[in-house]
Amino acid sequence: MKKYLLTMIIIFGLTAAVSADTIKATVNGMVCGFCATGIEKTFRAQPEVKTVDVDLENKLVTIHTKQGQTLDDAKIKKLLGNAGYSVVALVRGK
Amino acid sequence: MKTTTLLALLLATFSTALVSEAKPLSYVGGTMVMQENDETGHTISLDYTFIPTNAFGLYVKQEENGKDILMVTPEFNTLLKRWNLPDGQGNIFNMSGAGLAHYRDNNQPCLWTAFLADYESRRWFFSYEPRFVWDGNIEKSVWQRARIGIAPYLANYNDLNTWIMFQVDHHPAKHDHFVATPLIRFFYKTYLFEVGYSSNQHIMVNWQIQF
Chain E
0 MKKYLLTMII
10 IFGLTAAVSA
20 DTIKATVNGM
30 VCGFCATGIE
40 KTFRAQPEVK
50 TVDVDLENKL
60 VTIHTKQGQT
70 LDDAKIKKLL
80 GNAGYSVVAL
90 VRGK
Chain B
0 MKTTTLLALL
10 LATFSTALVS
20 EAKPLSYVGG
30 TMVMQENDET
40 GHTISLDYTF
50 IPTNAFGLYV
60 KQEENGKDIL
70 MVTPEFNTLL
80 KRWNLPDGQG
90 NIFNMSGAGL
100 AHYRDNNQPC
110 LWTAFLADYE
120 SRRWFFSYEP
130 RFVWDGNIEK
140 SVWQRARIGI
150 APYLANYNDL
160 NTWIMFQVDH
170 HPAKHDHFVA
180 TPLIRFFYKT
190 YLFEVGYSSN
200 QHIMVNWQIQ
210 F
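If you read the sequences in order, they're chains E and B. Residue 23 in numbering that gives the first Met the number 0 sits at position 24 of the first sequence, with consecutive numbering throughout. Residue 137 in numbering that gives the first Met the number 0 sits at position 138 of the second sequence, with consecutive numbering throughout.
Structure (structure tokens):
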């Protein structure tokens, strides 16, 4: 039983370690698709990022990272700031 | 007609006829080419944004409807203030350049500076731009431009965006002191295109590409 539990813990641990992040950033000031293109280009240039979706209606930028990689909050805020916008909330999921 | 010939013809047409009121900064590392052809003349600028608040580039303008002055200057654009709001964004920019002006075999140093204040939501657009130009002993001029726009539908990021706009120019030193230009703006991703027709019967065609 102990062996079984240990195996399960290791498997779950490894899965978590190599899984990708989905980060949803709520952004103020993002009203223009032409301007928001900078967000897409900026994040796509990051090696950790797999895809980026921009949703003007909900003021949401959704970033999917590659397997086993992540972006920390400070970097996300900096990148969105460089693109000209302000982050008001960050929500992470797997 | 070959595609390349068609593209060359289109570019040639744009380069002799256009104007825009777009932001003079893109994103860090972004380059922007903008061409404006309107009743004031023909402008082309190339800007590179190197930090979130500044871009530099090259500005070339061939003026018309007065003295046909050619200006060539480096350009420096600064974001002075930005308000990122839940449903809108407001900005104040300064754009400035110093270089050479050419008029009838006469070359003079020139300076120009402009301030652009804008507010944009997904539905509304407002801007105001005063511009000051000093072309040595050729000409000194001050003019201003205001623009209002409304989006007939709320487009999302991957949609074609359409704006119906109205622009008013005030040129105290020119024959037509006030010029009104209704125009329509389209943009999709990194491509922006505007076309209008002014009250003094000039076609406006502007385009901008970010890459």
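Just so it is clear, CB atoms sit at the ideal spot from N, CA and C, and this is done for glycine as well.
Run through chain E and tell me which residues come within less than 7 Å of residue i, C-beta to C-beta.
{"i": "B/Met120", "result": "Correcting the residue identity first, residue 120 of chain B is Ser in this sequence and not Met. Under the 7 Å cutoff, chain E gives Val30."}
{"i": "B/Tyr26", "result": "Gly37, Lys40, Thr41, Asn81, Ala82, Gly83"}
{"i": "B/Gln88", "result": "Gly28, Val30"}
{"i": "B/Asp45", "result": "The residue you asked about is not Asp; residue 45 of chain B is Leu in the sequence shown. Here the premise fails: no neighbours, minimum Cβ distance about 17 Å."}
{"i": "B/Pro51", "result": "Gly80, Asn81, Gly83"}
Tell me which residue opens and which closes the alpha helix (DSSP H) that residue i is part of.
{"i": "B/Cys109", "result": "Note, B/Cys109: premise wrong, no alpha helix (DSSP H); beta strand (DSSP E) at 105-119."}
{"i": "E/Pro91", "result": "Rather than Pro, the amino acid found at residue 91 of chain E in this sequence is Arg. Element bounds for E/Arg91: not the alpha helix (DSSP H) but the beta strand (DSSP E), 85-92."}
{"i": "B/Phe92", "result": "Per DSSP, B/Phe92 belongs to no alpha helix (DSSP H); it is in the beta strand (DSSP E), 87-102."}
{"i": "E/Lys76", "result": "72-81"}
Less than 8 Å between the CB atoms is what I'm expecting for residue i and residue j, so what's the real figure, rounded?
{"i": "B/Ala150", "j": "B/Arg130", "result": "Between B/Arg130 and B/Ala150 the Cβ distance is about 26 Å, and since that is not below 8 Å, they are no contact."}
{"i": "B/Ala145", "j": "B/Val178", "result": "About 11 Å separates the two Cβ atoms, so there is no contact after all."}
{"i": "B/Ile68", "j": "B/Asp117", "result": "So it is not a contact: roughly 27 Å between Cβ atoms."}
{"i": "E/Ala24", "j": "E/Leu89", "result": "5 Å"}
{"i": "E/Ala82", "j": "E/Ile38", "result": "5 Å"}
{"i": "B/Pro108", "j": "E/Lys58", "result": "No, B/Pro108 and E/Lys58 are not in contact; Cβ-Cβ is about 46 Å, not under 8 Å."}
Look at the Cβ atom of residue i, then the Cβ atom of residue j, and state whether they are nearer than 8 Å.
{"i": "E/Val48", "j": "E/Ile62", "result": "yes"}
{"i": "E/Leu55", "j": "E/Gly92", "result": "no"}
{"i": "B/Leu57", "j": "B/Ser44", "result": "yes"}
{"i": "B/Thr112", "j": "B/Leu78", "result": "no"}
{"i": "B/Gly40", "j": "B/Lys173", "result": "no"}
{"i": "B/Glu74", "j": "B/Phe49", "result": "no"}
{"i": "B/Phe125", "j": "B/Asn160", "result": "no"}
{"i": "E/Thr36", "j": "B/Lys22", "result": "no"}
{"i": "B/Tyr102", "j": "B/Ile137", "result": "yes"}
{"i": "B/Asp46", "j": "B/Met31", "result": "yes"}
{"i": "B/Asn83", "j": "B/Phe114", "result": "no"}
{"i": "B/Leu99", "j": "B/Asn105", "result": "no"}
{"i": "B/Glu119", "j": "E/Val30", "result": "yes"}
{"i": "B/Pro181", "j": "B/Phe165", "result": "yes"}
{"i": "B/His264", "j": "B/Gln200", "result": "This structure cannot speak to residue 264 of chain B, because chain B is shown only from 0 to 210."}
{"i": "B/Ser197", "j": "B/Glu38", "result": "yes"}
{"i": "B/Asn36", "j": "B/Val204", "result": "yes"}
{"i": "E/Val26", "j": "E/Val60", "result": "yes"}
{"i": "E/Thr64", "j": "B/Tyr26", "result": "no"}
Give the interface partners of residue i over in chain B, defined as CB-CB distance under 7 Å, in chain order.
{"i": "E/Thr36", "result": "Lys188, Thr189, Gln209"}
{"i": "E/Val23", "result": "Just to set this straight, residue 23 of chain E is Lys in the shown sequence, not Val. Going along chain B, no residue has its Cβ under 7 Å from E/Lys23, so there is no contact; the nearest lies around 15 Å."}
If the cut is a Cβ gap below 8 Å, which residues of chain E does residue i touch?
{"i": "B/Gly29", "result": "Gly37, Lys40"}
{"i": "B/Arg81", "result": "Gly28, Gly83"}
{"i": "B/Lys22", "result": "Cys34"}
{"i": "B/Leu84", "result": "Asn27, Gly28"}
Indicate the three-state DSSP secondary structure (helix, strand or coil) for residue i in the structure shown.
{"i": "B/Tyr190", "result": "strand"}
{"i": "B/Gly56", "result": "strand"}
{"i": "B/Ile137", "result": "coil"}
{"i": "E/Glu39", "result": "helix"}
{"i": "B/Ser19", "result": "At B/Ser19, the pLDDT of 41 sits below 50, so the modelled position is not reliable and the matter cannot be decided from this model."}
{"i": "B/Ile208", "result": "strand"}
{"i": "B/Gly195", "result": "strand"}
{"i": "B/Gly148", "result": "strand"}
{"i": "E/Cys34", "result": "helix"}
{"i": "E/Thr64", "result": "strand"}
{"i": "B/Val132", "result": "strand"}
{"i": "B/Val27", "result": "coil"}
{"i": "B/Ala179", "result": "strand"}
{"i": "B/Glu62", "result": "strand"}
{"i": "B/Arg122", "result": "coil"}
{"i": "B/Gln200", "result": "coil"}
{"i": "B/Leu153", "result": "coil"}
{"i": "E/Gln45", "result": "coil"}
In chain B, what lies closer than 9 Å to residue i by C-beta?
{"i": "E/Val53", "result": "Asn155, Tyr156, Asn157"}
{"i": "E/Lys76", "result": "Here the premise fails: no neighbours, minimum Cβ distance about 12 Å."}
If I follow the unbroken beta strand (DSSP E) through residue i, where does it start and stop?
{"i": "B/Thr215", "result": "Because chain B in this structure spans residues 0 to 210, residue 215 of chain B falls outside the shown range and cannot be described."}
{"i": "E/Lys49", "result": "48-54"}
{"i": "B/Ser74", "result": "At residue 74 of chain B the sequence reads Glu, which differs from the Ser that was named. Taken as a continuous stretch (DSSP letters only), the beta strand (DSSP E) holding B/Glu74 covers 69-84."}
{"i": "B/Gly40", "result": "40-50"}
{"i": "E/Asn27", "result": "21-27"}
{"i": "B/Asn160", "result": "160-169"}
Under 8 Å between beta-carbons, which chain B residues line up against residue i? List them in chain order, please.
{"i": "E/Lys49", "result": "Per Cβ cutoff of 8 Å: no residues; E/Lys49 is ~18 Å from chain B at best."}
{"i": "E/Lys65", "result": "Near E/Lys65 there are no residues of chain B at all, since even the closest Cβ is about 21 Å away, more than 8 Å."}
Going along chain E, which residues have a C-beta under 9 Å from residue i?
{"i": "B/Asn160", "result": "Cys31, Gly32, Phe33"}
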